[in-house]
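Student: Chains as they are written, first to last, in our numbering: chain X, 1 to 210; chain C, 1 to 210. Positions of the beta carbon are idealized from the N, C-alpha and C atoms, including for glycine. Take this structure, written in structure tokens, and hold onto it; I'll ask about it next.
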DNA sequence: CCTTTCAGTGAACATCCGTACACCGAAAAG
DNA sequence: CTTTTCGGTGTACGGATGTTCACTGAAAGG
């Protein structure tokens with residue numbers, strides 16, 4: 001067990017593992033996980049096909065690793081959003097802005113999630129679903145701290161959080177498919193997303209008074 | 001040009017064409033359009049691989065035909081919903097009920113749309129997007145006829161319609177993935193969908209007063 | 001009745017696929 | 001220094017894939 005200046009064996013292994021994940025993310029963004037070819041993947045990485053199995057027992061396992069990786073990136077976005085404006089009234093604007101920014105900078109992660117959420121292998125679909133539910137739970141506890149909403153039941157908060165998460169997921173997917181050469185399309189998507197959030201908030205504020 | 005009791009040539013062709021669409025719908029529901037194999041498809045139909053090209057120039061064209069077919073089924077659902085309760089206050093309950101019922105009876109169509117909306121070939125994705133936009137437009141004109149909403153701008157109505165359509169699409173996808181042996185899960189999804197629609201309606205009713 | 005049309009056939013092609021297997025060479029362990 | 005571990009290699013396999021091409025036979029057209 002010697003830690004020299006050069007690369008240790010574990011480090012090398014981890015490096016190729018990450019290279020596989022990188023290449024897989026690119027390929028899956030184009031063709032989907034179900035159509036992923038082991039040979040093309042390993043060719044892109046620069047290793048021989050059989051070497052793949054030194055890192056993953058199956059393509060499904062690769063898919064689960066990609067889910068972990070993608071949602072780790074997403075979680076970072078959420079942390080950023082939460083930290084940003086705790087009480088600022090422009091929370092809607094800034095939240096949508098952060099979302100859009102992350103969709104662009106981490107495009108492949110979002111593409112992967114969008115593609116596989118209902119597209120691919122059942123086990124991957126289920127993993128994504130579980131992660132999104134986790135998000136909803138977190139969002140629900142955040143919402144509970146807001147004024148006007150502190151009297152809501154946990155279930156109603158979850159319902160509202162679900163609505164918000166779905167709207168934001170749809171927004172992200174719309175942005176992904178927006179033509180890059182026409183920025184006004186994206187601006188329209190952003191405006192729609194902001195309006196929808198505002199609509200939900202207004203609905204929430206007047207919920208119990210009906 | 002003779003119309004005997006037996007089958008005419010056009011009829012036979014149309015029959016195999018429909019058989020191809022049927023088989024494709026089943027296969028795509030399991031593996032996705034990108035992973036669809038021409039040979040397995042034609043084997044399922046009972047024809048030779050090359051015969052496929054007598055009906056479709058490419059797999060993409062098949063995909064577009066499937067989009068048409070699926071949305072034709074969806075449109076029928078919408079018509080049923082619209083006809084049902086024009087002014088009945090339980091319109092939310094009955095709309096969700098009709099949606100759920102159709103998701104079950106036309107499961108493969110919904111599966112196809114859910115899978116390919118963000119999953120597959122770009123041209124198919126685009127076609128689905130266009131059809132959903134059409135839905136939003138129709139829904140927006142329906143909403144315009146409601147009291148309290150007749151003063152809304154066309155754009156705001158579109159925004160609201162978009163939110164509703166996305167919520168209903170998400171609901172449909174949740175139902176598709178719900179375990180059939182646990183009906184209480186589906187009941188929970190239905191309750192959530194109803195609450196979300198109510199939340200949106202309440203938000204809309206109080207929109208301009210803020 | 002003869003000709004044309006055309007949905008479906010069947011063989012052949014080059015190519016890609018996943019995986020089994022024995023093997024190598026360097027790092028790690030002793 | 002010797003042994004073990006283990007990423008990565010290279011070959012080989014049987015099988016599936018999309019598309020080509022010339023064909024058949026019955027229905028449609030004249």
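1) Determine the DSSP secondary structure at residue 189 of chain X, reduced to helix, strand or coil.
2) Is it right to say residue 134 of chain X is buried, meaning 16 or more other beta carbons lie within 10 angstroms of its own, or is it exposed?
3) Kindly list, in the order they appear in chain X, the residues whose Cβ is closer than 7 Å to that of residue 200 of chain C.
4) Got a sec: which bits of the segment 159-175 of chain C sit with their beta carbon under 7 Å from any beta carbon on chain X, in order along the chain?
5) Here's the rule I'm using: 16 or more other beta-carbon atoms within 10 Å means buried, otherwise exposed. How should residue 68 of chain X be labelled?
6) Kindly provide the ranges of any alpha helix (DSSP H) runs that are 4 or more residues long and lie completely inside the segment 122-174 of chain X, ordered along the chain.
7) Spatial neighbours of residue 163 of chain C within its chain, please: C-beta separation below 8 Å, excluding the five flanking residues on both sides.
8) List the residues of chain C whose Cβ lies closer than 8 Å to the Cβ of residue 31 of chain X, in chain order.
9) Relative to chain X, which residues along the segment 131-152 of chain C have a C-beta separation below 8 Å, given in chain order?
10) What in chain X is Cβ-close to residue 112 of chain C, meaning under 8 Å?
11) How would you write the range of the alpha helix (DSSP H) that residue 104 of chain C sits in, first residue to last?
12) I think residue 42 of chain C touches residue 51 of chain C, with their Cβ atoms under 8 Å apart; what is that distance to the nearest whole Å?
13) If the cut is a Cβ gap below 8 Å, which residues of chain C does residue 60 of chain X touch?
14) Around the C-beta of residue 4 of chain C, are 16 or more other C-beta atoms found within 10 angstroms, so that it is buried, or is it exposed?
15) With 7 Å set as the bound, which would you pick, yes or no: does the beta-carbon of residue 46 of chain X sit closer than that to a beta-carbon of chain C?
16) Find the nearest neighbour of residue 36 of chain X within the set X:166, X:94, X:121 and X:79, judged by alpha-carbon distance.
17) Who are the neighbours of residue 115 of chain X on chain C, taking C-beta pairs under 9 Å?
18) Any residues in the segment 182-197 of chain X with a beta carbon nearer than 7 Å to a beta carbon of chain C? Which ones, in chain order?
19) Can you round the beta-carbon distance between residue 16 of chain X and residue 55 of chain X to whole angstroms, since I take them to be within the 8 Å contact cut?
20) Below 7 Å between beta carbons: does that hold for residue 59 of chain X and residue 20 of chain X?
21) Does the distance from the C-beta atom of residue 114 of chain C to that of residue 173 of chain C stay below 7 Å?
22) Between which residues of its own chain and residue 70 of chain X is the CB-CB distance below 7 Å, once the five residues before and five after are set aside?
23) Beta-carbon within less than 8 Å of residue 153 of chain X's beta-carbon, same chain only, minus the 5 sequence neighbours each way: which residues are those?
24) Determine the burial state of residue 33 of chain C: buried for a count of at least 16 other Cβ atoms within 10 Å of its Cβ, exposed for fewer.
25) Tell me, please, whether the CB atom of residue 8 of chain C is closer than 7 Å to any CB atom in chain X?
26) Got a sec, what are the start and stop residues for the alpha helix (DSSP H) residue 63 of chain X sits in?
27) Classify residue 118 of chain C as helix, strand or coil using the three-state DSSP reduction.
28) So, helix, strand or coil for residue 8 of chain X, using DSSP?
29) Using the beta-carbon of each residue, which ones in chain X are nearer than 8 Å to residue 129 of chain C?
30) Could you spell out where the alpha helix (DSSP H) holding residue 44 of chain C opens and where it closes?
31) Just to confirm, are residue 14 of chain C and residue 92 of chain C a CB contact at a threshold of 7 Å?
32) I need the straight-line Cα distance from residue 150 of chain X to residue 208 of chain X, nearest angstrom please.
33) Do residue 205 of chain C and residue 148 of chain C come within 7 Å of each other at the CB atom, strictly closer than that value?
34) By alpha-carbon positions, which one of X:180, X:165 and X:142 ends up nearest to residue 107 of chain X?
Tutor: Let me spell this out:
1) Residue state, collapsed to three classes: helix.
2) With fewer than 16 other Cβ atoms within 10 Å, it is exposed.
3) Per Cβ cutoff of 7 Å: 199 and 203.
4) So the close ones are 159, 160, 162, 163, 166, 167, 170 and 173.
5) Exposed, because fewer than 16 other Cβ atoms sit within 10 Å of the Cβ of residue 68 of chain X.
6) If you keep only unbroken alpha helix (DSSP H) runs of at least 4 residues inside the segment 122-174 of chain X, you get 122-144.
7) Here the set comprises 200.
8) By Cβ distance, chain C contributes 34.
9) So the list is empty, because no residue satisfies the distance condition.
10) Listed along chain X is no residue with a C-beta nearer than 8 Å to that of residue 112 of chain C; the closest approach is about 10 Å.
11) Counting along the chain, the alpha helix (DSSP H) containing residue 104 of chain C begins and ends at 91-105.
12) Right, their Cβ atoms sit about 7 Å apart.
13) Those do not exist, as residue 60 of chain X stays about 14 Å from chain C at its closest Cβ, beyond 8 Å.
14) A caution first: residue 4 of chain C carries a pLDDT of 43, below 50, which makes its placement in the model too unreliable to give a value.
15) So, not an interface residue.
16) Residue X:121 is the option with its Cα nearest to residue 36 of chain X.
17) The contacting residues are 118, 119 and 120.
18) Under the 7 Å Cβ criterion, the segment 182-197 of chain X contributes 192, 195 and 196.
19) By a beta-carbon distance limit of 8 Å, residue 16 of chain X contacts residue 55 of chain X. Their separation comes to about 7 Å.
20) Going by C-beta atoms, residue 59 of chain X is not nearer than 7 Å to residue 20 of chain X.
21) For residue 114 of chain C and residue 173 of chain C, yes; Cβs fall inside 7 Å.
22) Same-chain partners within the cutoff: 109, 112 and 113.
23) Apart from sequence neighbours up to five positions away, no residue of its chain approaches residue 153 of chain X with a beta-carbon distance below 8 Å.
24) So residue 33 of chain C counts as buried.
25) Judged by the 7 Å Cβ criterion, residue 8 of chain C is not in contact with chain X.
26) First-last of the alpha helix (DSSP H) with residue 63 of chain X: 59-84.
27) Assignment of residue 118 of chain C by DSSP, reduced to helix, strand and coil, places it in the coil class.
28) It is coil, neither helix nor strand.
29) Residues of chain X passing the Cβ test: 177.
30) Note, residue 44 of chain C: alpha helix (DSSP H), 38-45.
31) The Cβ atoms of residue 14 of chain C and residue 92 of chain C lie no closer than 7 Å to each other.
32) One C-alpha to the other measures close to 12 Å.
33) Going by C-beta atoms, residue 148 of chain C is nearer than 7 Å to residue 205 of chain C.
34) Nearest of X:180, X:165 and X:142 to residue 107 of chain X, Cα basis: X:180.
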